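Numbering (the working numbering), first residue to last: 2 to 380. In what follows, a structure is listed as structure tokens, so that the remarks can point back to it.
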RNA sequence: UGGGAUGUAGCCAAGUGGUAAGGCAACAGACUUUGACUCUGUCAUCUCGCUGGUUCGAUCCCAGCCAUCCCAG
């Protein structure tokens, strides 16, 4: 009987995943992961729970424990606080300091959930790990493929785009063929009271929902600068630091109406980190928000290399529609993606994840440089 | 100082003698394992620069004052 270590988070998804694996006949060991400590990590500004009697992580732990008890499964606990800080959070901050917009959860998967946790599982004689991810694994011969989950609205393959073939082969995805609504239904049937109606967690993994700017201020000093209209070079206002904004962002600029002009809202379309200038464009369809090709580094593919001139689909941001692109290889870990037509707000630091039109996820990389009409966009 | 123009919520901006459109911003909620986008809702009632007057009733009419801008000088 194969043994699986299941990451039980205290949410409904991993709880039902545990049940399914058990029902399928796996020998399941549950484990609660703790990767962050607000106090050890000096996280106070804008922390909504810093004064709570019970920290939300402990509530999650208790909820997870109840699930394990209900399902009659062994329950462990492990901390990866140092690993998270060293491999995920440090990278996250470095990217922000460069003015880019990283996706920490992709690296959390790569380095913590599918690496540190996998090693811990192996040390405990487990064959596989599993969690509550919505994704599908398909084995054909000795090859393993990753597909989008049946529940496309919950599909999380985007976050798995940096895991290696070995990591993929070590993981089971029990929720790949189940709709979220059915997950809730199963939780109710099992009377998993601690999680059945719990709201889905959002926000950065292990950090949670936050006023993002306040959170970053704990680690990156605020440096005021000018907000400049890219069309006319007018100074429209001031920002608290160029790194607090991402491309395409509308909220938080505080720019009101201007005499004699129709106010369409202002959107971030570029940044000059050295001069600390934030560039904005008026209206959501301004040309400056678009780009037509990009360079992607850190390319990670689960299987064979993709030939030049292949047309496929890319997701540039989580929960955004897949967009048609044509791929060209630069070297083993760098590709160029030419867009079918100009796309809005493709942002350096975010992941570009590659799909075939049947939902097969080929892998992905990190958007490094973005171009429009042959010119490098200045971010 | 003379002539002209304007003064409506944080910013733009409609408006009528009969009791204040809209947009932007902001805030809240929804959505969401990044950051965003998006959607929904809230947002002038000792109020329409101030003070008087006309009127049943004025933000809109009249007078004076104040402030700002433009042209003269």
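All C-beta atoms, glycine included, are put in the ideal place defined by N, C-alpha and C. No experiment lies behind these values; they were computed from the predicted model shown.
At a cut-off of 6 angstroms, is residue i close to the ligand GDP when judged by its beta-carbon and the heavy atoms of the ligand?
{"i": "residue 256", "result": "You won't find the ligand GDP in this model; it holds no ligand whatsoever."}
Report, in whole angstroms, the separation of the C-beta atoms of residue i and residue j, which I expect to be a contact under 8 angstroms.
{"i": "residue 294", "j": "residue 372", "result": "5 angstroms"}
{"i": "residue 244", "j": "residue 221", "result": "6 angstroms"}
{"i": "residue 325", "j": "residue 341", "result": "4 angstroms"}
{"i": "residue 337", "j": "residue 300", "result": "With a Cβ gap of about 11 angstroms, residue 337 and residue 300 do not count as contacting."}
{"i": "residue 315", "j": "residue 254", "result": "Not confirmed; about 28 angstroms, so no contact."}
{"i": "residue 319", "j": "residue 159", "result": "5 angstroms"}
{"i": "residue 193", "j": "residue 71", "result": "6 angstroms"}
{"i": "residue 31", "j": "residue 94", "result": "Contact flag wrong, Cβ pair sits at about 32 angstroms."}
{"i": "residue 114", "j": "residue 195", "result": "That pair is no contact at about 22 angstroms."}
{"i": "residue 329", "j": "residue 353", "result": "Not quite, the Cβ-Cβ distance comes to about 13 angstroms (not below 8 angstroms), so this is no contact."}
Which residues mark the beginning and the end of the alpha helix (DSSP H) in which residue i is found?
{"i": "residue 305", "result": "First-last for residue 305: undefined, no H or E at that position."}
{"i": "residue 178", "result": "Where residue 178 is concerned, there is no enclosing alpha helix (DSSP H), given that its DSSP letter is neither H nor E."}
{"i": "residue 315", "result": "It is not in any alpha helix (DSSP H) - residue 315 instead sits in the beta strand (DSSP E) that spans 311–316."}
Skipping 5 residues on each side, what residues in its chain have a beta carbon closer than 7 angstroms to that of residue i?
{"i": "residue 223", "result": "241, 242"}
{"i": "residue 155", "result": "135, 181"}
{"i": "residue 378", "result": "271, 292, 371, 372"}
{"i": "residue 98", "result": "221, 244"}
{"i": "residue 29", "result": "5, 7, 19, 22, 23, 74"}
{"i": "residue 374", "result": "293"}
{"i": "residue 171", "result": "119, 129, 130"}
{"i": "residue 100", "result": "243, 244, 272, 274, 380"}
{"i": "residue 144", "result": "304"}
{"i": "residue 369", "result": "296, 297, 298, 349"}
{"i": "residue 227", "result": "236, 239, 278"}
{"i": "residue 466", "result": "Residue coverage of the chain in this structure runs from 2 to 380, which leaves residue 466 outside it and unanswerable."}
{"i": "residue 188", "result": "13, 16, 17, 196, 197"}
Just to confirm my understanding: we take residue i, look at its own chain, exclude 5 residues before and 5 after, and list those with CB closer than 8 angstroms. What are they?
{"i": "residue 10", "result": "33, 34, 61, 65, 132, 133, 202"}
{"i": "residue 102", "result": "96, 247, 248, 348, 349, 350, 351"}
{"i": "residue 259", "result": "237"}
{"i": "residue 229", "result": "235, 236, 237, 278, 279, 280, 281"}
{"i": "residue 357", "result": "313, 314, 363"}
{"i": "residue 127", "result": "4, 5, 6, 30"}
{"i": "residue 331", "result": "296, 337"}
{"i": "residue 284", "result": "265, 266, 268"}
Between which two residues does the beta strand (DSSP E) carrying residue i extend?
{"i": "residue 169", "result": "It is not in any beta strand (DSSP E) - residue 169 instead sits in the alpha helix (DSSP H) that spans 166–170."}
{"i": "residue 354", "result": "352–356"}
{"i": "residue 338", "result": "335–345"}
{"i": "residue 13", "result": "Residue 13 -> not in any beta strand (DSSP E); alpha helix (DSSP H) instead, spanning 13–24."}
{"i": "residue 27", "result": "It is not in any beta strand (DSSP E) - residue 27 carries neither H nor E in the DSSP assignment."}
{"i": "residue 226", "result": "226–230"}
{"i": "residue 324", "result": "324–332"}
{"i": "residue 365", "result": "361–373"}
{"i": "residue 290", "result": "First-last for residue 290: undefined, no H or E at that position."}
{"i": "residue 6", "result": "4–8"}
{"i": "residue 237", "result": "236–240"}
Excluding the 5 residues preceding and the 5 following residue i in the sequence, name in chain order all residues of the same chain whose CB lies nearer than 6 angstroms to its CB.
{"i": "residue 335", "result": "298"}
{"i": "residue 80", "result": "35"}
{"i": "residue 166", "result": "303"}
{"i": "residue 214", "result": "245"}
{"i": "residue 251", "result": "266, 268"}
{"i": "residue 122", "result": "6, 130"}
Inset, instruction - Evaluate contact between the stretch 344–359 and the stretch 287–303, counting only Cβ atoms and requiring at least three cross-stretch pairs below 8 angstroms. - result: Under the 8 angstroms Cβ criterion, the stretch 344–359 counts as touching the stretch 287–303, having at least three qualifying pairs.
Inset, instruction - For the stretch 68–117, list the beta strand (DSSP E) runs that are entirely contained and at least 3 residues long, ordered along the chain. - result: Fully enclosed beta strand (DSSP E) runs of no fewer than 3 residues occupy 76–80 of the stretch 68–117, in order along the chain.
Inset, instruction - For the stretch 5–23 and the stretch 164–176, state whether three or more C-beta atom pairs, one from each stretch, are separated by less than 8 angstroms. - result: The stretch 5–23 makes contact with the stretch 164–176; the number of CB pairs closer than 8 angstroms reaches 3 or more.
Inset, instruction - Count the C-beta pairs between the stretch 251–270 and the stretch 356–365 that are closer than 8 angstroms, then say yes if the count reaches three, no if not. - result: Here the stretch 251–270 makes no contact with the stretch 356–365; the two share fewer than three CB pairs at distances below 8 angstroms.
Inset, instruction - For the stretch 190–221, list the alpha helix (DSSP H) runs that are entirely contained and at least 4 residues long, ordered along the chain. - result: Segments of the alpha helix (DSSP H) lying fully in the stretch 190–221: 213–218.
Legend entry - Segment contact flag, the stretch 124–131 with the stretch 301–314, C-beta cutoff 8 angstroms, min 3 pairs: The stretch 124–131 vs the stretch 301–314: no contact.
Inset, instruction - Could you name each continuous beta strand (DSSP E) segment of 3 residues or more that falls completely within the stretch 113–158, going from the start of the chain to the end? - result: Fully enclosed beta strand (DSSP E) runs of 3 or longer: 129–131, 137–141, 144–148.
Inset, instruction - For the stretch 245–281, list the alpha helix (DSSP H) runs that are entirely contained and at least 4 residues long, ordered along the chain. - result: For the stretch 245–281, not a single whole alpha helix (DSSP H) run of length 4 or above is found.
Inset, instruction - Tell me, please, whether the stretch 139–153 touches the stretch 108–117 by the rule of three or more beta-carbon pairs shorter than 8 angstroms. - result: Too few Cβ pairs lie closer than 8 angstroms, so no.
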